[in-house]
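In order, the protein sequences belong to chains C and A. The opening residue of the first sequence carries number 25 in our numbering; numbering runs sequentially from there. The opening residue of the second sequence carries number 4 in our numbering; numbering runs sequentially from there. The structure appears below as structure tokens.
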Amino acid sequence: MISRCFKTFLVLFVCVTLFAPGVWAGNKKMMAIMAAKNDAMRGLTEQVYGLKVRSSEEVKNMAADSYVGKTDSKTSATLSGIKISDVVYDPQKDIAKATATMTANEIVNIDGANVALNGKVFKHVGFGTSSPENAGPLKALRAAQIDAYKQLAQQVAGFTLESQTTIENYMLKSDLIQTKVQASLAMAEITNYGWDQGGDAFVKMVLNVDAVSAMLGEAVVGAGEVIEVEGQGAQEDDFKKPKTVKKR
Amino acid sequence: MVDERIQEMDDLNKQMVKQISGLPRDGKVDAKAKVSSESGKINIEVYQVKSVTKEANLDFGGGNKKPENCAAPEPGELKKGKTVPDVSK
Numbered sequence: 025m026i027s028r029c030f031k032t033f034l035v036l037f038v039c040v041t042l043f044a045p046g047v048w049a050g051n052k053k054m055m056a057i058m059a060a061k062n063d064a065m066r067g068l069t070e071q072v073y074g075l076k077v078r079s080s081e082e083v084k085n086m087a088a089d090s091y092v093g094k095t096d097s098k099t100s101a102t103l104s105g106i107k108i109s110d111v112v113y114d115p116q117k118d119i120a121k122a123t124a125t126m127t128a129n130e131i132v133n134i135d136g137a138n139v140a141l142n143g144k145v146f147k148h149v150g151f152g153t154s155s156p157e158n159a160g161p162l163k164a165l166r167a168a169q170i171d172a173y174k175q176l177a178q179q180v181a182g183f184t185l186e187s188q189t190t191i192e193n194y195m196l197k198s199d200l201i202q203t204k205v206q207a208s209l210a211m212a213e214i215t216n217y218g219w220d221q222g223g224d225a226f227v228k229m230v231l232n233v234d235a236v237s238a239m240l241g242e243a244v245v246g247a248g249e250v251i252e253v254e255g256q257g258a259q260e261d262d263f264k265k266p267k268t269v270k271k272r
Numbered sequence: 004m005v006d007e008r009i010q011e012m013d014d015l016n017k018q019m020v021k022q023i024s025g026l027p028r029d030g031k032v033d034a035k036a037k038v039s040s041e042s043g044k045i046n047i048e049v050y051q052v053k054s055v056t057k058e059a060n061l062d063f064g065g066g067n068k069k070p071e072n073c074a075a076p077e078p079g080e081l082k083k084g085k086t087v088p089d090v091s092k
């Protein structure tokens, strides 16, 4: 009898070990899903409440390896009623996907303005992983999203262009071009996103100026416009120079 | 994508420089502009221009150089600490 029970247990153990490797996956799946949920909720907050974008770019003598582009974004809000759905986990890539949804009637946005949302449904898809080696595509996607926000800020608020040019005998000797922008954005919607074959990410974003104007209850510059931008993000830095080790 | 962005920045810079009159032949130009877009059209409003022209060295084949042996002292040159040897003794 004992032998039979032991055999049954052994068979069950082998079956579980062979056919359900996920049982031994530890907390990777949970961590990836949690990261995806947080990413989805952050995206929703940036969309509904808004975010602040500060960006600067600089290029010297038109040389691509001298280009420095930096964009910071910031948001902080307390939102309630966010629902998470469509949670999917890919164990091969260790990447999770989650969708955050929210319905609201009214909100005070990042500029302190009362916005009438009238039951509008907002949705944002987020991604997450537990392993840094698999984070490349997700980082590129976030970079593309921030690039799209920067482009929207440049179009909505305008930006400062600075130039320092030295000329000798009517010929350009040195050149420095800088751009700077700082703005608050809200109600920008992502219409499409993805990756190309090389792994670079794109995010298409739309800002309906009339819709924003109607929600704010006041006129906004650029009435009648639907501003559409496409942000881009790369996984690898082609201009990153290998570190040189000094020999003593 | 970096190359595309650099091209965009260069195009904007060229448009801005076009609005600046009296560019020096030799010198440095610092300019600042506010760039805004309305209905897809880009407006560049230049609000600050600093232009420094480099002065050319006039050279007429060395004619402006003084011969060292027959150079008369400049007024006040001796007062600048130079001493004249006393040969009366």
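Note that the Cβ used here is the ideal one computed from N, Cα and C, for glycine as well. All values reported here derive from a predicted model rather than from experimental measurement.
query	result
Other residues of its chain near Lys35 (chain A): CB distance less than 7 Å, five sequence neighbours each side excluded	Tyr50, Gln51
DSSP state of Asn85 (chain C) mapped onto helix, strand, coil	coil
Min CB distance Leu185 (chain C) to chain A below 7 Å	yes
Nearest neighbour of Arg28 (chain A), chosen from C:Val205, C:Ile251, C:Leu196, C:Val253 [CA to CA]	C:Leu196
Rounded straight-line distance, which links the Cα of Ile134 (chain C) to that of Ser79 (chain C)	18 Å
Residue interval of the beta strand (DSSP E) (run including Glu41 (chain A))	30-41
Rounded Cβ spacing between Met4 (chain A) and Gln256 (chain C) (contact assumed at less than 8 Å)	5 Å
Min CB distance Tyr173 (chain C) to chain A below 7 Å	no
Cβ-Cβ distance between Met86 (chain C) and Asp14 (chain A) below 7 Å	no
Tyr113 (chain C) - DSSP class collapsed to helix/strand/coil	strand
Bridge partner(s) assigned by DSSP for Ser187 (chain C)	C:Ile201, A:Ala34
Same chain, Cβ closer than 7 Å to Ala101 (chain C), five either side skipped, listed in chain order	Thr69, Tyr73
Rounded straight-line distance, which links the Cα of Val35 (chain C) to that of Arg28 (chain C)	11 Å
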